[in-house]
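Everything below concerns the one structure shown next.
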Amino acid sequence: MKNTILGLGLESSCDETSASVVENGRKILSNRIKSQIDLHKDFFGVVPELASRAHLETINVLVKNALEEAGIGFKDLDYVAATSRPGLVGSLLIALQSAKAISYIMKIPLIAVNHLEAHLYAPFLEGASPEYPCIGLLISGGNCNLYIINGTGNMKLLGKTADDAPGEAFDKVARYLDLGYPGGPLVEKLARESGQKPKLFPKIMADSNDYRFSYSGIKTAVVNYVKENPDADKSDIVFSFQERALELLVRKVYSAAREFGIREILVAGGVAANGRLREMLQKEKKPDEKIIIASPILCTDNAAMIAGIGYQYFIKGKNDPLSVDAEPRV
Ligand code: KG4
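When the sequence shown is numbered by our numbering, its final residue is 363 and no position is left out of the sequence of numbers.
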């Protein structure tokens, strides 16, 4: 095999369009991301039809820019990878069809990627080399999954949310309090302004000792509290909400690591960008345990993680047929 393998990654599963060139699955040569926040913010959530149209308008320019920034052309690519699952099906199709066209014309392997596995690969793009098996916690707007990761394509799901995902709870609480969209960064920022740092809400799933999560109860607790206390300080409310929401993640991730005798813990997905979560994870860590989280920009959706995990499949000889389909669920 050549010494330098160059892969193009494409991502359009939700509300970010992204194209990236990655060398040898590790080194990011470019990572162009176009967020659609402005398009969806008036609706406090992603409008699928608007999202797929915007991906279609943006993707060609992003591919051109990503290749230019990397200083390469289509002819230099060894493979093309795109998210094929899970996501909004109309959105997924844009990156996947683009990747199929590039694969067909350039005669290079097409790698259809599981977006969730790609998120957990993000720290590898910044020099991390976790030892398998490790614990993987994926926390985003649509998912809350806890895994034991044994290697590429080998993830055992220990548990997931029974209802809302944590990012969804951040978004819904922010919407209810009129903070804006997406809620996660706005809640985090406002929580830092809380002077009283009260505990207004009970611990989530206080008696649970399995690996399920639930975020619909805390959301309802916030709504009820605001109805009963319309003049309460919003910063105190979001502080309390955030502490409880994150405490559940910290508790369950460490209990899984300790039950299975695993010392390395990967945390990924949009909610992993949260600074308070990073603090809480570090505080709870024992000296022989290791928390691995990518920089915030690689926690939210991006194509570098797609190109990166794509490389791991490329070197195993994967080449998906052009008939590979977009799948809304994994
Ligand atoms: O992974 P991601 O970009 O997209 C998917 O959901 O697939 O994650 C977006 C989610 C949103 O719900 C957003 O509110 C949340 O991640 N998020 C955060 C933070 N930054 C983004 N949640 C908490 N704290 C943050 N700093």
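For every residue, glycine included, the Cβ atom is placed at its ideal position computed from N, Cα and C.
Please read these numbers as outputs of a predicted model, since none were measured by experiment.
Assigned with DSSP and collapsed to three states, L171 falls in strand. Not one heavy atom of ligand 1 lies closer than 7 Å to the C-beta of N64.
Looking from the CA of E221, the closest CA among A305, M238 and G42 belongs to A305. For E102, the secondary structure class from DSSP, reduced to helix, strand or coil, is helix. In this structure, the alpha-carbon of L41 lies about 46 Å from that of D240.
At the C-beta level, Q315 and I325 stay beyond 8 Å of one another. Inclusion of L170 and L100 in the CB contact set at 8 Å is not warranted, their separation being larger than that value. The beta carbon of S63 sits closer than 7 Å to the beta carbons of S53, V54, A99, E102 and A103 from its chain, once the five residues preceding and following it are set aside; these are given in chain order. Between Q69 and the set T50, L95 and K285, the nearest pair of CA atoms involves T50. Bounds of the alpha helix (DSSP H) holding M139 are V122 to M139.
The DSSP-derived three-state label of Y180 is strand. A straight line joining the alpha-carbon of E201 with that of S173 spans about 8 Å. V54 is bridged by DSSP to L41 and S63.
Taking K236 as reference, the option from D71, P166, A278 and S136 with the minimal CA-CA separation is A278.
Sixteen is the threshold: since fewer than 16 other Cβ atoms of the shown chains lie within 10 Å of the Cβ of E292, the residue is exposed. In this structure L43 is buried. Its beta-carbon is surrounded by 16 or more other beta-carbon atoms within 10 angstroms. In the three-state scheme derived from DSSP, where H, G and I count as helix and E and B as strand, E297 is classed as strand.
DSSP, reduced to helix, strand and coil, places M34 outside both helices and strands of the structure shown, so it counts as coil. A residue is called buried once 16 or more other Cβ atoms fall within 10 Å of its Cβ, and S162, having fewer, is exposed. The beta-carbon distance between G341 and Y154, rounded to whole angstroms, is 5 Å. This is short enough to meet the 8 Å contact definition. For N257, there is no enclosing beta strand (DSSP E); the enclosing alpha helix (DSSP H) has its first and last residue at S249 to E261.
Between the C-alpha atoms of I348 and R245 there is a straight-line separation of about 35 Å. Distances from the CA of N242 to each of K232, I66 and S288 were compared; the closest alpha carbon is that of S288. Distances taken from the Cβ of G78 to the heavy atoms of ligand 1 include none shorter than 7 Å. Relative to ligand 1, the beta carbon of E44 is positioned no closer than 7 Å to any heavy atom. By a beta-carbon distance limit of 8 Å, G78 does not contact Y344. Their separation comes to about 33 Å. For G216, the Cβ falls inside the 7 Å cut-off from some heavy atom of ligand 1. In the DSSP assignment, M313 falls outside any beta strand (DSSP E) and within the unbroken alpha helix (DSSP H) covering G308 to E317. When only Cα atoms are considered, C332 and K35 end up about 30 Å apart. Scanning F76, F203 and R296 for the CA closest to the CA of L219 turns up F203.
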